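For the sequence shown, position 371 (counting from the first letter as 1) is numbered 371 according to this note's numbering, and the numbering increases by one without interruption. Beta carbons: idealized from backbone N, C-alpha and C, even for Gly. Only a predicted model underlies this, so the values are computations on that prediction, with no experimental measurement involved.
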Amino acid sequence: MKIGIPKEIYKGEKRVAIIPKIATHLLKEGHELFIEAGAGEKACFPDAEYKQAGAVIVTDTQLLYSGIEVIMKIQPPQKHELEMLKNGSTYIGFLSSALTDDFFKLMSEKSITSFAMEFIPRISRSQSMDALSSMASIAGYRAVLIAAQYLGKFFPLMMTAAGTIPPARVLVVGAGVAGLQAIATARRLGARVEAFDTRPAVKEQVESLGAQFVEMELVADAETSTGYAKEMTEEFMKREHEIIGDRAAQNHVVITTAQLFGKRAPILITEEIVKKMQKGSVIIDLAAEQGGNCEITEPGKNICKHGVTICGVLNLPSTLPIDASAMYSRNITEFFKHLYMAEDRKLDFEDKITKNSCVTYNGKIVNDHVRKAIWKGVDT
Ligand code: NAD
1 MKIGIPKEIY
11 KGEKRVAIIP
21 KIATHLLKEG
31 HELFIEAGAG
41 EKACFPDAEY
51 KQAGAVIVTD
61 TQLLYSGIEV
71 IMKIQPPQKH
81 ELEMLKNGST
91 YIGFLSSALT
101 DDFFKLMSEK
111 SITSFAMEFI
121 PRISRSQSMD
131 ALSSMASIAG
141 YRAVLIAAQY
151 LGKFFPLMMT
161 AAGTIPPARV
171 LVVGAGVAGL
181 QAIATARRLG
191 ARVEAFDTRP
201 AVKEQVESLG
211 AQFVEMELVA
221 DAETSTGYAK
231 EMTEEFMKRE
241 HEIIGDRAAQ
251 NHVVITTAQL
261 FGKRAPILIT
271 EEIVKKMQKG
281 SVIIDLAAEQ
291 GGNCEITEPG
301 KNICKHGVTI
311 CGVLNLPSTL
321 PIDASAMYSR
331 NITEFFKHLY
341 MAEDRKLDFE
351 DKITKNSCVT
361 YNGKIVNDHV
371 RKAIWKGVDT
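Put into structure tokens, the structure is as follows:
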């Protein structure tokens, strides 16, 4: 197939959807690869490396879009990018924030088949394609490094001639992919770590990383049938605020990662809790993109309030563009191979991965989640 890799144009984005090593792999499988000039530059993959792999460098963006069968991208497409898509072509990338009326109109007019990387179900068969997890893992790692940069204290225990300095204490709220990576990273830096999650199933994983699990009278029913966290009752949230408030005051760093699929992130750190934290503490709010887990987070900004630094971090994977591109590259290529594994390249809509991730097929909406408008926060 003719595959096109455009340059990412989202502000501050440094990643590229396919790195030269993976380009070689796709070319060996008989595909043709067209890459926009400079697409890999910010991730330290120069055009020369793609050329050497056998890809064609295209300087005219419109030409790239009009000559291919499949576009592979990372950031959701902007309207003018969609307008450049060739009739009947396929688009693969993150899509959620692009799912507007304009999107569906253009998909329909141009009979586009589109796949959303974030809709790939998190099942064991799809692990190698799970870009959401790859990127969340980078975010969890980076969150700890940012915290270490802002905290006016050492992370590890330091025994010096000037005295013994106890290790920093880190609280991670939400022990999913990002949270577990944050725990592992903070532990590697020598911090004392504790973590809280509504899903009791993660206690063992938290403990296996050397962190302490914050116990609470957990609700037995914390997961949806698809394995995502459920929205908690008001009573539960009240109790959670008490517990987190108590733990946050004992820790120097709080990393929050709690999210609810398709909804605004739950508020776990109220301004009252921030007021009770030690001066100089740091909150890294990984859920800033979904509104934030901290009541006073300002997405995209680092603010200092009540003596606490609150970082509303956005797009952390782009701050590690070399490895983030390599991981995404592998994920999207495995996904592409999965979609078109049949000899006649016919999509198999009986397959859960294909079915869940396909948003439009030949211009028509085929995705149940999208139909029910889950990304707008409508309960399903
Ligand atoms: P995940 O679904 O794997 O983990 C989220 C965890 O939060 C789950 O374990 C869930 O049980 C827990 N949770 C939900 N409600 C909770 C509550 N009330 N109290 C405690 N825990 C609760 O998600 P993930 O892939 O690890 O992503 C975590 C967050 O990081 C998301 O908000 C995601 O959007 C964000 N993220 C941010 C960036 C960035 O650059 N800022 C990049 C990637 C991911």
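7 Å Cβ shell around residue i - same chain, five flanking residues per side excluded
i: W375; result: Only weak support exists for where W375 lies, its pLDDT of 49 falling under 50; the value from the coordinates is given anyway. Contacts found: S96, L99 and G262.
i: N293; result: V173, T256, A258, A265, P266, I267, L268, I269, D285 and A287
i: K305; result: V274 and I296
i: S357; result: F115, A116, F119 and I120
i: A139; result: A178, L286, L316 and P317
i: K42; result: K14 and P321
Nearest to residue i (by Cα), restricted to the options the options
i: F94; options: T113, M117 and S108; result: M117
i: K364; options: K42, I5 and S111; result: S111
i: A55; options: I35, A43 and M72; result: I35
i: A288; options: R247, S281 and E298; result: E298
i: M232; options: E215, S128, Q259 and V254; result: Q259
i: L106; options: L82, G88 and S357; result: L82
i: S281; options: F115, E32, L171 and A23; result: L171
i: Q62; options: I5, H25, E109 and A53; result: I5
i: R142; options: Y361, K51, G312 and S329; result: G312
i: G300; options: V308, G307 and Q290; result: Q290
i: V193; options: A248, I332, R15 and P77; result: A248
i: M158; options: K79, I146 and L189; result: L189
i: F104; options: G179, L314, R122 and K79; result: K79
i: L64; options: E234, K86 and V366; result: K86
i: G210; options: I322, K21, A201 and A191; result: A191
i: E355; options: K73, R125 and N367; result: Before going on, a small fix: residue 355 reads as Lys here, not Glu. Considering only alpha carbons, the answer is N367.
i: D351; options: S89, G30 and R125; result: R125
i: K238; options: E272, Q250 and V254; result: E272
Residue i - DSSP class collapsed to helix/strand/coil
i: D246; result: helix
i: K14; result: coil
i: Q78; result: coil
i: V206; result: helix
i: V177; result: helix
i: M135; result: helix
i: E194; result: strand
i: L171; result: strand
i: K86; result: coil
i: G140; result: helix
i: I92; result: strand
i: I146; result: helix
i: K364; result: strand
Within-8 Å CB hit, residue i to chain B
i: F154; result: Reference to chain B is not applicable here, since this structure consists of a single protein chain.
Chain-order list of residues whose beta-carbon lies under 6 Å from that of residue i (same chain, five-residue window excluded)
i: V144; result: A182, T185 and A186
i: M135; result: P317
i: V177; result: S133, A136 and S137
i: V378; result: Legend: pLDDT at V378 = 38, less than 50; position of this residue unreliable, value from coordinates given subsequently. The answer is none, since no qualifying residue turns up.
i: F335; result: M129
i: I71; result: G4 and Y91
i: V206; result: A175, A195 and F213
i: S108; result: G363
i: V165; result: Checking the displayed sequence, the identity of residue 165 turns out to be Ile instead of Val. These residues qualify, in order along the chain: F154 and M158.
i: E32; result: K2
i: M84; result: Q62 and Y65
Run of the alpha helix (DSSP H) containing residue i, from where it starts to where it stops
i: M117; result: First-last for M117: undefined, no H or E at that position.
i: L63; result: T61 to S66
i: M159; result: Not the alpha helix (DSSP H): M159 falls in the beta strand (DSSP E), residues M158 to T160.
i: V370; result: D368 to R371
i: K110; result: D101 to K110
i: K2; result: First-last for K2: K2 to I5, but that is the beta strand (DSSP E), not the alpha helix (DSSP H).
i: E29; result: Neither: E29 is in no alpha helix (DSSP H) and is coded neither H nor E.
i: Q127; result: First-last for Q127: undefined, no H or E at that position.
i: R51; result: Checking the sequence, you will find Lys at residue 51 rather than Arg. Unbroken alpha helix (DSSP H) run through K51: D47 to A53.
Cutoff 8 Å; reference residue i; Cβ partners in own chain excluding five residues on either side
i: Q75; result: E8, I9, Y10, E13, G93 and F94
i: Y340; result: M1 and L347
i: H252; result: L151, K153, A168, R169, V170, Q278, G280, S281 and V282
i: T24; result: A53 and G54
Segment limits, beta strand (DSSP E) that includes residue i
i: M72; result: V70 to M72
i: T164; result: G163 to I165
i: L33; result: E32 to E36
i: G19; result: With the sequence shown as reference, residue 19 is identified as Ile, and Gly is not the correct amino acid for it. No beta strand (DSSP E) holds I19; DSSP gives it neither H nor E.
i: V58; result: V56 to V58
With a floor of 3 residues, list each beta strand (DSSP E) that falls wholly inside the region 228 to 295, ordered by position along the chain. 253 to 256 and 282 to 285
List, from N- to C-terminal side, the beta strand (DSSP E) runs of 3 residues or more that fit wholly inside the region 288 to 359. 302 to 305 and 308 to 311
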